[in-house]
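Residue numbers (my numbering), protein chains in the order written: chain A, 142 to 462; chain B, 142 to 462; chain C, 142 to 462; chain D, 142 to 462; chain E, 142 to 462; chain F, 142 to 462.
6 protein chains.
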Amino acid sequence: MYAGGGEYNVAYALSRYGMRTGWISRLVDNPLGQFIKNHARTSGMDVSEVVWVPYDGVGRADRIGLNFTEVGIGVRASVTMYDRGHTAVAHMKNGDVDWTRIFGARGVRWFHTGGIFTALSDTCADVALESMRAAHAAGTIVSYDLNFRSKLWSSKKAIEVTKKLVPYIDVLIGNEEDFQKVLGFDVEGTDEHLKKLPIEGYKNMVQKVVATYPNIRAVGTTLREVVSGLVNNWSAIMYYDGQFHHSRRYENLEIEDRVGGGDGFCSGFVYGLLHGMPPQECVEMGAAHGALLQSTRGDTSMVTMEEIRHVMGGGSARIKR
Amino acid sequence: MYAGGGEYNVAYALSRYGMRTGWISRLVDNPLGQFIKNHARTSGMDVSEVVWVPYDGVGRADRIGLNFTEVGIGVRASVTMYDRGHTAVAHMKNGDVDWTRIFGARGVRWFHTGGIFTALSDTCADVALESMRAAHAAGTIVSYDLNFRSKLWSSKKAIEVTKKLVPYIDVLIGNEEDFQKVLGFDVEGTDEHLKKLPIEGYKNMVQKVVATYPNIRAVGTTLREVVSGLVNNWSAIMYYDGQFHHSRRYENLEIEDRVGGGDGFCSGFVYGLLHGMPPQECVEMGAAHGALLQSTRGDTSMVTMEEIRHVMGGGSARIKR
Amino acid sequence: MYAGGGEYNVAYALSRYGMRTGWISRLVDNPLGQFIKNHARTSGMDVSEVVWVPYDGVGRADRIGLNFTEVGIGVRASVTMYDRGHTAVAHMKNGDVDWTRIFGARGVRWFHTGGIFTALSDTCADVALESMRAAHAAGTIVSYDLNFRSKLWSSKKAIEVTKKLVPYIDVLIGNEEDFQKVLGFDVEGTDEHLKKLPIEGYKNMVQKVVATYPNIRAVGTTLREVVSGLVNNWSAIMYYDGQFHHSRRYENLEIEDRVGGGDGFCSGFVYGLLHGMPPQECVEMGAAHGALLQSTRGDTSMVTMEEIRHVMGGGSARIKR
Amino acid sequence: MYAGGGEYNVAYALSRYGMRTGWISRLVDNPLGQFIKNHARTSGMDVSEVVWVPYDGVGRADRIGLNFTEVGIGVRASVTMYDRGHTAVAHMKNGDVDWTRIFGARGVRWFHTGGIFTALSDTCADVALESMRAAHAAGTIVSYDLNFRSKLWSSKKAIEVTKKLVPYIDVLIGNEEDFQKVLGFDVEGTDEHLKKLPIEGYKNMVQKVVATYPNIRAVGTTLREVVSGLVNNWSAIMYYDGQFHHSRRYENLEIEDRVGGGDGFCSGFVYGLLHGMPPQECVEMGAAHGALLQSTRGDTSMVTMEEIRHVMGGGSARIKR
Amino acid sequence: MYAGGGEYNVAYALSRYGMRTGWISRLVDNPLGQFIKNHARTSGMDVSEVVWVPYDGVGRADRIGLNFTEVGIGVRASVTMYDRGHTAVAHMKNGDVDWTRIFGARGVRWFHTGGIFTALSDTCADVALESMRAAHAAGTIVSYDLNFRSKLWSSKKAIEVTKKLVPYIDVLIGNEEDFQKVLGFDVEGTDEHLKKLPIEGYKNMVQKVVATYPNIRAVGTTLREVVSGLVNNWSAIMYYDGQFHHSRRYENLEIEDRVGGGDGFCSGFVYGLLHGMPPQECVEMGAAHGALLQSTRGDTSMVTMEEIRHVMGGGSARIKR
Amino acid sequence: MYAGGGEYNVAYALSRYGMRTGWISRLVDNPLGQFIKNHARTSGMDVSEVVWVPYDGVGRADRIGLNFTEVGIGVRASVTMYDRGHTAVAHMKNGDVDWTRIFGARGVRWFHTGGIFTALSDTCADVALESMRAAHAAGTIVSYDLNFRSKLWSSKKAIEVTKKLVPYIDVLIGNEEDFQKVLGFDVEGTDEHLKKLPIEGYKNMVQKVVATYPNIRAVGTTLREVVSGLVNNWSAIMYYDGQFHHSRRYENLEIEDRVGGGDGFCSGFVYGLLHGMPPQECVEMGAAHGALLQSTRGDTSMVTMEEIRHVMGGGSARIKR
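Printed below as a string of structure tokens:
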């Protein structure tokens with residue numbers, strides 16, 4: 142049993158690596174909600190701004206979402222079954238959180254959210270807009286992970302909703318299919334199963350994105366080629382200041398549980414940017430953290446900064462003792 | 142991880158002891174729904190009348206209910222946290238099932254339902270009425286377990302709804318507090334914590350019930366005195382044909398998991414009635430089965446008919462080898 | 142703890158994919174026998190024709206067979222230790238089952254058995270002959286999986302016994318070594334460890350088999366090259382109507398537990414034939430199902446038809462969410 | 142998964158407490174046989190005289206016996222399902238072991254066997270006689286635990302066989318029902334379920350036994366009153382030199398797993414006799430060890446001599462830290 | 142695997158019930174130290190004042206202490222094996238922590254420590270004195286749990302060291318044997334095994350203690366009678382303002398794991414005092430919390446305030462649903 | 142939970158394969174020490190020369206060392222955290238063991254120790270010298286596994302201490318980095334991460350070693366190329382009588398747990414030498430055993446001689462049944 146979620150995993154990892162982070166959501170006050178709070182607090186995340194709602198004893202009003210994950214191997218893919226209808230967070234609405242105070246008085250430097258939260262409900266989409274606008278107004282950097290989930294909404298709805306959010310995004314993150322399904326930009330040369338990825342097509346597409354939305358200052362993209370349930374090729378590209386930076390390519394990477402890999406990239410990448418690392422190092426840190434995160438079960442990071450730096454530097458998997 | 146439910150547990154047990162039973166519900170077609178179907182089929186229950194609905198991938202439309210149970214010991218009580226809002230079965234409505242065909246063409250002898258199903262939603266209350274009426278019309282015996290759950294509805298609502306159902310009940314089942322909370326009949330001399338139960342008060346109350354509703358031909362009541370989380374006193378009383386029959390009293394009964402005890406009584410009791418056993422034997426079988434069911438984890442029966450008969454006969458817990 | 146067996150696994154899988162199947166064996170009425178019955182019933186298999194024998198309390202007369210399996214990795218092979226002497230099924234004999242009624246009155250379309258059952262005892266070999274003859278006489282299609290097991294009998298005995306059965310076989314199934322050890326047909330060019338398989342040699346051998354036994358209308362063969370304990374190359378060939386059909390080749394397939402792979406092929410293959418699929422699709426379905434079955438622990442299928450079709454179509458192991 | 146057996150448990154415990162012991166049986170050379178050898182050697186038992194037979198790969202010729210145990214609670218009794226037919230040890234026969242060398246050249250002081258081994262087969266009964274005679278001739282003390290098991294043989298057969306063995310017994314051990322079922326001596330005043338035990342009746346019976354067989358110098362009897370699956374009353378009586386010695390009575394003793402309790406008594410008792418303790422101390426050590434052994438899962442002793450002495454001395458279950 | 146410790150358990154529980162608490166220790170920066178930090182942060186404890194030392198990779202310089210606990214039942218007592226030599230905290234010394242800043246600038250209202258920490262080493266005894274003096278000087282209330290552990294020091298040494306600390310204690314806590322072993326005050330009428338406790342003797346002893354040390358304003362004492370490994374009688378007495386207050390007596394309380402019971406009392410008791418509850422309520426809260434804490438595995442509290450209040454009020458262990 | 146250690150693993154494996162072995166250490170008499178004794182005795186190792194010391198109840202005087210191992214996958218390396226300071230064995234000193242009697246009177250043919258023991262403390266280094274000298278004087282063959290562990294000592298200290306031991310070594314064992322870190326001999330052409338190993342450089346280095354220390358008659362070296370956490374290339378070289386013998390190269394070997402691989406090589410290698418196998422066979426047995434040992438969890442061998450011979454002969458990982 143693990144706690145996780147798009148923004149949660151990023152905040153968790155950054156807190157684990159010594160940064161002060163907070164996470165805001167709407168949680169039900171029952172043992173499952175407490176489990177999340179406890180897990181969050183192990184990393185030192187500030188959860189004092191979470192909106193708590195009482196539990197009705199049945200799960201009619203507000204629930205904690207559950208995901209059941211099968212881990213794949215060979216030709217069998219990993220599968221996630223969502224049981225996340227009617228969750229407390231899906232009922233979040235404008236006004237629940239005082240974003241102005243948070244981004245202003247509390248002096249937040251970076252705000253991260255993304256497409257899963259936005260997709261949960263129309264009121265969540267409202268909250269995404271409200272919070273991103275407030276962050277933008279306060280001078281807080283806004284990053285957004287497109288994170289398309291076909292079970293949560295259609296591509297058409299995603300594009301329609303996300304278009305309103307893009308003007309407030311400084312740093313855009315996505316994987317192979319997100320740009321197409323959430324922003325409506327096509328990549329030339331992709332095959333249906335995404336087994337081989339056309340790097341040049343990606344770059345052209347990213348250039349179109351930043352030309353269309355000049356407010357976007359950086360774009361981080363993970364590239365995953367699924368060799369099998371156990372083995373993936375993994376790497377990342379970062380666009381920054383007119384240039385592309387390729388991470389080390391992790392050929393034939395074994396993965397214990399691929400869920401959370403994108404958030405692993407995102408948190409490593411944001412860590413780099415917030416520490417003023419050069420772009421190449423940022424993308425390497427993101428890719429290395431994503432690779433390591435996929436070597437353990439669960440969505441959140443269990444590795445150390447020392448391990449990340451070792452892998453970024455091309456270090457081997459030789460035993461440490 | 143266990144499958145269970147009021148009617149489910151009764152059908153499961155009777156099927157396990159060689160009777161042909163079926164169970165009707167509304168289930169979502171996802172791995173949790175399949176888990177229930179699989180578990181049901183191990184006992185041989187007929188689940189062909191279950192209404193299946195597709196899963197929306199998220200749990201917004203229809204879910205499978207979840208209960209999280211802590212098993213108590215000492216002064217710590219068992220606790221059940223329900224996560225059963227928005228379940229497929231709560232969305233059941235009149236017309237979903239062709240009750241006339243089932244009680245008529247399929248020749249069902251006995252129909253059992255109860256207060257948990259009725260409490261799930263207004264449409265479930267409608268279905269309870271529809272199905273009980275149809276059973277009654279077809280000459281099928283109707284049993285009803287009052288099963289009050291304060292987390293599902295108020296006593297006021299329960300009384301209001303249940304009053305409409307009582308005219309169709311032949312066999313009424315309840316525990317210590319059900320008659321008061323669901324039917325509105327008081328028992329004199331009960332203390333708040335139900336540690337010591339006033340047997341005479343119960344009998345008076347049952348007599349009032351059957352006087353008010355002469356269609357009720359039998360009443361089965363379980364009596365539980367909670368000594369501690371591990372140890373309970375347990376017994377049952379049956380009213381039949383103007384007379385009361387007391388089961389053996391299980392003094393200082395150790396319980397591994399008390400959930401399902403009432404259903405264990407109910408299934409043993411119905412088994413007796415359907416096999417034409419004398420009333421005393423019916424109540425003994427119910428009480429013995431309930432005692433045994435509480436000696437294993439989970440809601441459904443894992444014991445054998447041989448063990449039930451052994452315990453009914455006052456048999457000891459001496460090892461069999 | 143898993144239930145499994147050659148014919149059992151095939152019936153289980155076909156039932157899981159919506160077909161009406163039954164399975165006949167001779168079982169002891171103890172908790173282990175009940176475990177098998179329960180597991181079978183989860184898939185909906187009809188086990189009403191199973192011959193039940195009482196348990197003597199000790200396991201002297203009739204037992205349930207046990208297999209202890211170690212799952213290999215690297216250079217360590219999987220190992221199965223059998224503890225299946227004196228099983229109830231090994232004591233099956235002619236007359237125990239009324240095959241004429243089953244294949245006649247119950248209208249069975251397809252009958253599947255194979256070399257493990259036949260090898261259990263001389264009376265089992267008798268029953269194989271009796272049942273296959275009865276099926277043949279009733280116009281039921283007979284499939285037979287050669288399934289050589291050196292721990293159960295010698296190649297010499299296998300050939301001698303199987304020769305009498307072959308005239309009643311319509312569809313023959315085997316892996317690389319079965320044809321040689323059970324039917325006595327050599328494949329040219331095989332090395333001792335079966336690391337690289339000579340496809341042409343197989344085809345020549347199959348053509349000799351069907352020339353010798355013209356009653357055999359289809360032959361399904363799985364081809365496994367053991368790269369390591371974790372990684373195998375896997376594919377299948379089907380001979381039908383004078384032609385060979387090659388499945389997709391699963392290069393470097395990771396396997397979680399290789400036991401049941403052949404039965405996985407067989408059930409997929411039979412599914413195709415019974416649904417009137419073209420031969421190429423039949424062999425693809427068999428190979429895909431076999432590949433998927435090896436991605437989970439235990440002998441029986443845990444995957445869905447949707448996953449099979451996805452893999453048959455060359456689909457990737459990309460996460461579904 | 143545990144290793145155990147009547148004689149085995151006694152040898153294991155005595156070795157654990159620092160004595161040199163050996164254990165002789167007939168085992169199959171497969172992973173289960175090796176498991177037993179490994180477990181035995183952890184206590185330092187000498188297993189060099191075990192007769193090993195090769196495994197046929199299937200379990201047709203010789204098996205390792207399996208027992209499946211359910212642990213009871215409340216009204217549910219513990220149940221043991223034996224799967225011990227066709228075991229290697231059941232095929233033991235006269236001449237397999239050179240008893241003369243063992244009791245002579247190796248200087249064994251004490252030989253212990255009992256009614257489970259004797260019941261396994263006619264050839265085992267022969268071996269019991271052969272070995273006890275050889276021990277007797279060599280001046281080795283012979284102890285015998287009557288250990289009646291109704292699943293292994295009838296009382297009639299037990300009496301018939303055991304009568305031939307009794308002349309060679311020096312120390313006789315049994316529980317409440319053994320004397321009646323295996324030797325044919327009745328106890329007056331026992332009820333069918335053995336819930337309350339008539340101590341005086343036992344004493345009279347024991348005196349009849351020693352009068353009939355004056356070679357018996359000591360008799361150890363365990364007395365168990367089964368209050369429930371979790372709680373038993375437990376004590377023991379020793380007859381020695383014309384006198385009875387009662388152990389401390391363990392009222393309302395909680396038991397984690399009652400299997401092995403009798404062997405726990407036996408090993409403690411023999412330990413005392415071999416160390417020249419006075420009779421009262423012998424019976425106390427036996428009863429204390431039996432009580433402690435029942436506080437852990439499995440048949441063999443996991444407690445320390447320090448714990449035994451603490452309990453013998455009436456010590457409490459207060460935490461040690 | 143659990144985290145725990147005398148002061149830790151108290152801080153953990155109070156934080157769990159909504160109070161702001163902190164915990165100070167000296168920890169090694171390795172995965173075990175991080176495990177403790179993570180566990181502490183789940184309850185919201187402030188661990189920012191913990192003194193961290195690097196790990197030498199081997200455990201020569203500083204370790205995290207380990208306790209291995211066997212949970213008893215029946216006549217078998219729970220046993221704790223300490224592996225806590227050379228721990229980082231045992232190497233704590235005066236000056237490591239700026240107590241003046243903590244009790245002064247940070248405004249701590251209550252300081253709790255006790256005899257386990259003091260016993261770890263001579264430098265720990267120095268730190269106990271330094272910190273208690275600083276707390277006293279800052280007007281912080283000081284509570285001290287005598288907590289005698291015979292494996293850590295002798296009674297003679299304990300008395301000698303503790304005498305210097307007593308002048309700074311406001312609230313004294315202890316169990317049955319602590320006053321004698323740590324302070325040197327005898328209780329008349331105790332038996333060696335502490336099975337029956339002489340209440341009057343205790344009261345006399347407590348009065349002598351407060352007469353000798355008038356700075357002690359309250360004394361909390363837990364009374365445990367060990368019926369068996371599973372069942373204890375449990376209660377508590379509080380001396381305050383010249384009067385004794387007896388808690389509810391928990392007769393035949395079942396315990397899942399008795400470790401942490403005293404800390405459970407202490408934290409409930411302190412909670413009451415800090416919330417200005419009347420003395421009777423304070424001792425009831427302590428006793429109830431201690432009873433509940435012993436109903437779960439591990440040293441730290443897993444129950445809710447609602448459960449504590451329910452038990453304090455004499456509530457039954459009847460299921461909540 | 143596993144028992145293990147450099148010399149222990151070698152003795153365990155050789156005993157498992159039928160040789161008489163003993164193991165000498167200094168152990169604490171607590172449950173952890175008993176766990177090691179029990180585990181050792183399962184293989185038949187003689188542990189009668191182990192020096193036992195009492196436990197102080199706290200772990201201040203003498204402890205059993207603990208290692209916590211994370212098993213790596215993908216880019217995440219396995220990690221071992223040692224908690225082995227202040228262990229009983231680290232306090233071993235000259236005179237604790239009567240080496241003259243052991244190598245003389247008990248007729249030991251081979252003595253194996255290595256760099257982990259030597260590194261534990263200065264007194265352990267003394268004992269290494271004392272024991273190796275005594276073995277040498279008695280004509281016992283001495284093998285030494287360099288086994289460098291950076292967490293235990295520096296390379297500088299290792300070289301200084303080991304130089305005194307080398308004159309007594311007959312058979313030297315090491316992996317890629319040991320010769321450099323422990324003996325001070327460089328290999329030309331190694332990269333920092335040891336991903337690709339320069340075979341020729343190794344050979345040159347080994348020749349320098351034997352030229353410098355002509356008493357060394359054989360050198361066994363394991364070569365590991367770490368492809369990933371799951372996959373390594375593995376092989377070994379043996380220098381003997383002026384010639385090099387290369388084992389089969391295990392390309393892309395999957396490893397379940399790499400700890401113990403070197404000891405697996407060592408024990409296979411010594412087995413070959415003691416059985417008079419030709420050098421090529423010795424190095425093959427070592428490499429095969431090391432490969433197999435890494436296919437199971439824990440440090441000690443769980444495979445059979447039959448499996449070793451199968452793998453040595455190039456046998457495949459095809460299932461055995």
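Each residue gets a CB set at the ideal place from its N, CA and C atoms; glycine is no exception.
> Name the chain D residues whose beta carbon is nearer than 7 angstroms to that of F/THR183?
Replying inline: ASN179, ARG182, THR183
> In the DSSP assignment, what are the bridge partners of F/GLN384?
Replying inline: F/TYR381
> Which residues in the same chain have their Cβ closer than 7 angstroms to the Cβ of A/VAL351, if we skip the five residues on either side of it in sequence?
Replying inline: Correct list, in chain order: ILE357, VAL360, TYR380.
> Could you check where the alpha helix (DSSP H) with E/HIS277 kicks off and where it finishes?
Replying inline: 263-278
>> Quick check: what's the CA-CA separation for E/GLY383 versus E/VAL302?
In response: 27 angstroms
>> Give me the chain A residues within the contact set of F/LYS292, using Cβ-Cβ distance strictly less than 7 angstroms, ordered along the chain.
In response: Residues of chain A whose Cβ lies closer than 7 angstroms to the Cβ of F/LYS292 are, in chain order, ARG462.
> Who are the neighbours of C/ASP224 on chain D, taking C-beta pairs under 7 angstroms?
Replying inline: Ordered by position in chain D, the residues that pass the 7 angstroms Cβ test against C/ASP224 are GLY200, ARG204.
> By a C-beta neighbour count over all protein chains shown, 10 Å radius and 16 as the cutoff for buried, is F/THR210 buried or exposed?
Replying inline: Counting Cβ neighbours within 10 Å, F/THR210 comes out buried, since at least 16 surround it.
> So, helix, strand or coil for C/ARG225, using DSSP?
Replying inline: coil
>> Distance check for D/ARG242 and F/HIS387, CA to CA, integer angstroms please.
In response: Each residue's Cα considered, the two are about 51 angstroms apart.
> How would you call C/SER295, buried or exposed, if buried means at least 16 neighbouring beta carbons within 10 angstroms?
Replying inline: exposed
> Below 8 angstroms between beta carbons: does that hold for D/VAL328 and D/TYR343?
Replying inline: Between D/VAL328 and D/TYR343, the gap from beta carbon to beta carbon is short of 8 angstroms.
>> If I measure Cβ to Cβ from F/ILE116 and keep anything under 7 angstroms in the same chain, skipping five residues before and after, which residues do I get?
In response: No answer is possible for residue 116 of chain F: the residues shown for chain F start at 142 and end at 462.
>> Is there a C-beta anywhere in chain B that falls below 8 angstroms from the one on E/GLU395?
In response: yes
>> For the beta strand (DSSP E) containing B/TRP193, name the first residue and the last one.
In response: 192-194 is the extent of the beta strand (DSSP E) around B/TRP193.
>> 8 angstroms is my cut-off, CB to CB: does B/ARG399 come that close to chain E?
In response: yes
>> Does any residue of chain C have a CB that is nearer than 8 angstroms to the CB of A/LEU364?
In response: no
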